[in-house]
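> For the sequence shown, UniProt numbering begins at 1 and goes up steadily by one.
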Amino acid sequence: MRFYSSFSANERRLLLSFLFFIIAWPVFSVFTNTFLWRHSQDIFTVIVFNLGLYLGLPLGFLINSALLHRFPSKTLFFFGCILQGIGPLLLTLINPSSYIIITILGTCLGLPMGLYWGNRNLITLRITEGQHRINFLSMESFQNTAVGMIIPIFVGIYLTSFSGGINIRYLIVTVLAFSFLLIAGALILSLKIKIPHVKLSSAWITHASTFWNHLRWFEFFDGVITANEGLLSLMMILVFLGMEDAVGGTKSGVAILAAVMMYFFGKRIRTKDYARVIQLSLLLIGGSAAIFAFFFNAWSVIVCFAAFGLINGFRATAMMSIIYRIVDEEVARTQKNRFAYLLDREIFLNIGRLTILLALLVSTIFAPTTTLRYGLLLTSLLHIPLLASLHKLKLH
């Protein structure tokens, strides 16, 4: 508590807003997918929902770049925050079977996500600075880890622990999560700070440096890998381990393992170690994916998730550190607005996500079992070009 009280009033409100958001987020990021699977038993349905989401996300960033000329960042944050609850709420209310409607509802989640994250980054940069920023990000990471260990398993158990009325329980959970989004957004509106409007001469990076082009490829491969892992790992749980309780328990277990690894080894990771982190990701995820492809059973799924828990925290930290460092260097070199680089980065990240989801969509039509069995192994090999892109960035 003494560490928490060292933050300013605005920083504490910002942390509290992020806490309410991350409590709600598993409902929208994980359990909307389990809802679709429960009612369709069709991976195609889950894929088209995520296609809509990742199509809407960069569009949300683009819309945000235009709205920032006219509206305060706090207002856009508020609407981006609460509107993320609309798509999942409609999904649980109408339980659609049409692929078109499901894709639209995914887009209804992705668009406000773009508004939310675009303004969240700007507000955080405005309110925090220097050593306070490092302390702030550390506290935010602690909050995320704590919630990740607790909320998924509790939501999963609640959804499956009673007989009958599963749709009502999904609706209750979604409405409760939506109320947390309202609180998170309202806390930002109450910040006692004036954030000036952002005026972009151009939302595009038209004359990118060689380094920035390398980062674009880095983001593309990262999008392919993480979107594929996120979707296929969820399907692995649902097919081999169980429904919502298994999903929640596995997600919480991975978060606990990641937290332990970061606690003991996180502070030892330096810039020079980023390539080794990616190499270890290839070894652990590729190796566990090979075990899953060979045995294709429940215990091999557990092996995969153990690998995720061992490496995901380090990989995410390395990825974001690389991105922010290159963004800082490019902003200093070109004097362009930081938001333009964040938008450009988001576009290439989501091009990667959409590319792999389209590939999964096609492969699922013709060979659903083969896709589930070998999909994770094949995309784990993309850590090799990811390493090549990292080498070209010449981080020391």
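Beta carbons are placed, not taken as given, at the ideal position from N, Cα and C, and that holds for glycine.
#1: Taking 8 Å as the threshold (C-beta atoms), are Leu-83 and Pro-112 in contact?
#2: Given Ile-386, which residues of its chain have a CB within under 8 Å of its CB, disregarding the five upstream and five downstream residues?
#3: Grab me the residues of Lys-392's own chain with a C-beta within less than 7 Å of its C-beta, minus the 5 sequence neighbours each way, in chain order.
#4: Alpha carbon to alpha carbon, how far is Thr-32 from Pro-88?
#5: Is the beta carbon of Ala-246 sitting closer than 8 Å to the one on Ile-237?
#6: Measuring alpha carbon to alpha carbon, tell me which residue in Gly-253, Asp-344, Arg-345 is nearest Cys-304.
#7: Looking at C-alpha atoms only, which residue of Ile-311, Val-27, Phe-292 is the closest neighbour of Tyr-374?
#8: Would you check if the region 18-31 and the region 315-331 touch, i.e. whether three or more CB-CB distances between them fall below 8 Å?
#9: May I ask you to check if the CB of Met-235 is nearer than 7 Å to at least one heavy atom of the ligand FMN?
#10: Just how far apart, CA to CA, sit residue 401 and Ile-157?
#11: Is the CB-CB distance between Thr-92 and Asn-167 below 8 Å?
#12: Taking the alpha carbon of Ile-285 as the point to measure from, which residue in Tyr-274, Asp-273, Ser-300 has its own alpha carbon closest?
#13: Taking 8 Å as the cut-off, decide whether the C-beta atoms of Thr-371 and Ser-363 are in contact.
#14: Compute the distance between the beta-carbons of Leu-282 and Leu-55, then report whether it is under 8 Å.
#15: Taking the runs of the beta strand (DSSP E) that are 3 residues or longer, which of them lie wholly in the region 49-100?
#16: For Gln-279, report the span of its alpha helix (DSSP H) as first-last.
#17: Can you tell me which of the three DSSP states Gly-242 falls into?
#18: Within 8 Å, do at least three Cβ pairs link the region 333-349 to the region 309-319?
#19: So Arg-373 is in the alpha helix (DSSP H); what residue range does that whole segment cover?
#20: With the cut-off set at 8 Å, would you say Gly-118 and Gly-52 are in Cβ contact?
#21: Nearest by alpha-carbon distance to Gly-80: which of Arg-70, His-69, Phe-61 is it?
#22: Could you check the C-alpha separation between Lys-336 and Ile-102 for me, to the nearest Å?
#23: Using the Cα positions of Arg-276 and Thr-210, report the straight-line distance between them to the nearest angstrom.
#24: Within 10 angstroms of its Cβ, does Ala-177 collect 16 or more other Cβ (buried), or is it exposed?
#25: Considering only their Cβ atoms, is the gap separating Phe-180 from Phe-20 smaller than 8 Å?
#26: Output the distance between the C-alpha atoms of Phe-264 and Phe-136, rounded to the nearest integer angstrom.
#27: Tell me whether Leu-349 is buried or exposed, calling it buried when 16 or more other Cβ atoms sit within 10 Å of its Cβ.
#28: Could you pull out every residue in the same chain whose Cβ sits closer than 6 Å to the Cβ of Leu-360, ignoring the five residues on either side in sequence?
#29: Can you have a look at Phe-366 and say buried or exposed, based on whether 16 or more other CB atoms are within 10 angstroms of its CB?
#30: Using the three-state DSSP reduction, which class does Asp-328 fall into: helix, strand or coil?
Once the coordinates are examined:
#1: yes
#2: As written in the sequence, residue 386 is Leu, which differs from the Ile given in the question. Counting only Cβ-Cβ distances below 8 Å, and skipping sequence neighbours, we find Phe-218, Phe-221, Asp-222, Ile-225, Ile-278.
#3: His-214
#4: 6 Å
#5: yes
#6: Gly-253
#7: Phe-292
#8: no
#9: In the structure on display, the ligand FMN does not appear, and there are no ligands present to speak of.
#10: Look at the range of the chain in this structure, 1 to 396, and you will see that residue 401 is not part of it.
#11: yes
#12: Ser-300
#13: yes
#14: no
#15: none
#16: 274-295
#17: coil
#18: no
#19: 368-380
#20: no
#21: Phe-61
#22: 38 Å
#23: 23 Å
#24: buried
#25: yes
#26: 20 Å
#27: buried
#28: Ile-47
#29: exposed
#30: helix
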